[in-house]
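Visitor: In my numbering, the protein residues as written are 1 to 106.
Note that the Cβ used here is the ideal one computed from N, Cα and C, for glycine as well.
Only a predicted model underlies this, so the values are computations on that prediction, with no experimental measurement involved.
Okay, here's the structure, questions in a sec.
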Amino acid sequence: MADTIIKLSKSYTAHDKSFDAVTLREPTYSEIFRDGLGRPSDWQPSQHGPMLVKYPEVVDAYLQRICVSPGYECIGALSAIDSLKLEEAVTSFFLERKEPPKSPTD
Numbered sequence: 001m002a003d004t005i006i007k008l009s010k011s012y013t014a015h016d017k018s019f020d021a022v023t024l025r026e027p028t029y030s031e032i033f034r035d036g037l038g039r040p041s042d043w044q045p046s047q048h049g050p051m052l053v054k055y056p057e058v059v060d061a062y063l064q065r066i067c068v069s070p071g072y073e074c075i076g077a078l079s080a081i082d083s084l085k086l087e088e089a090v091t092s093f094f095l096e097r098k099e100p101p102k103s104p105t106d
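Next comes the structure, spelled out in structure tokens:
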């Protein structure tokens, strides 16, 4: 499990730490299933077709556990855009990464 580094739009200082990036580790089976955190987003049916619903409380619960650096206690004052970058990083852990198709060889 490699850590994911999210570059922020600016530098922040909190709890005597200065940082311009946040490092997250991948959630574990135990956190997802045993602790019952589940998925941070889910596709729901709507009258206009499937709609992606995100669960901010689940995203926050993951960030409390997987924020490696600078630490969860430091991210409370992030701007909206940087907060959304963290949300996107958390939800991306739950997407299957497929390899691009290989070009045929002669």
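For Ile75, is the classification buried or exposed, using 16 other Cβ atoms within 10 angstroms of its Cβ as the cut-off for buried?
Guide: Start at 1 with the first residue of the sequence shown, and residue 75 comes out as number 75. By the 10 Å Cβ count, Ile75 comes out buried.
Visitor: For Val68, is the classification buried or exposed, using 16 other Cβ atoms within 10 angstroms of its Cβ as the cut-off for buried?
Guide: Translated into the one-based positions of the sequence shown, residue 68 becomes position 68. Its Cβ having fewer than 16 others within 10 Å, Val68 is exposed.
Visitor: Which residue from Glu99, Tyr12, Val22 puts its Cα closest to that of Glu87?
Guide: Taking the first residue of the sequence shown as position 1, residue 87 is located at position 87. Comparing Cα-Cα distances from Glu87 to each of Glu99, Tyr12, Val22, the minimum goes to Val22.
Visitor: Please check the pair Thr91 and Pro40, which I expect to be a contact at CB under 8 Å, by giving their CB distance rounded to whole angstroms.
Guide: Against the sequence shown, residue 91 aligns to sequence position 91. Against the sequence shown, residue 40 aligns to sequence position 40. Cβ atoms of Thr91 and Pro40 come within 8 Å of each other, at about 5 Å.
Visitor: For Leu84, which residues of its own chain have a beta-carbon under 8 Å away from its beta-carbon, when the five flanking residues on both sides are left out?
Guide: Within the sequence shown, residue 84 is the residue found at index 84, counting from 1. Cβ within range, chain order: n/a, list empty.
Visitor: Identify, in the order they occur along the chain, each residue of the same chain with its Cβ nearer than 6 Å to the Cβ of Lys7, setting aside the five sequence neighbours on each side.
Guide: To locate residue 7, count along the sequence shown from 1; it is residue 7. Here the set comprises Ala21.
Visitor: I'd like to confirm the pairing. Which residues does DSSP put opposite Leu24 in its beta bridges?
Guide: Numbered from its first residue, the sequence shown carries residue 24 at position 24. BP columns for Leu24 point to Thr4, Cys67.
Visitor: Do you know offhand how far Asp35's Cα is from Ile66's?
Guide: For the purposes of this step, residue 35 is taken as the residue at position 35 of the sequence shown. For the purposes of this step, residue 66 is taken as the residue at position 66 of the sequence shown. Rounded to whole angstroms, Asp35 to Ile66 spans 14 Å at the Cα level.
Visitor: My assumption, with CB atoms under 8 Å, is that Leu37 sits in contact with Tyr62. Please give the rounded CB distance.
Guide: As a position in the sequence shown, residue 37 is number 37, starting the count at 1. As a position in the sequence shown, residue 62 is number 62, starting the count at 1. The Cβ separation is near 6 Å, so the contact holds.
Visitor: Identify every residue that forms a DSSP beta bridge with Ala61.
Guide: Looking up residue 61 in the sequence shown gives position 61. DSSP lists no partner for Ala61.
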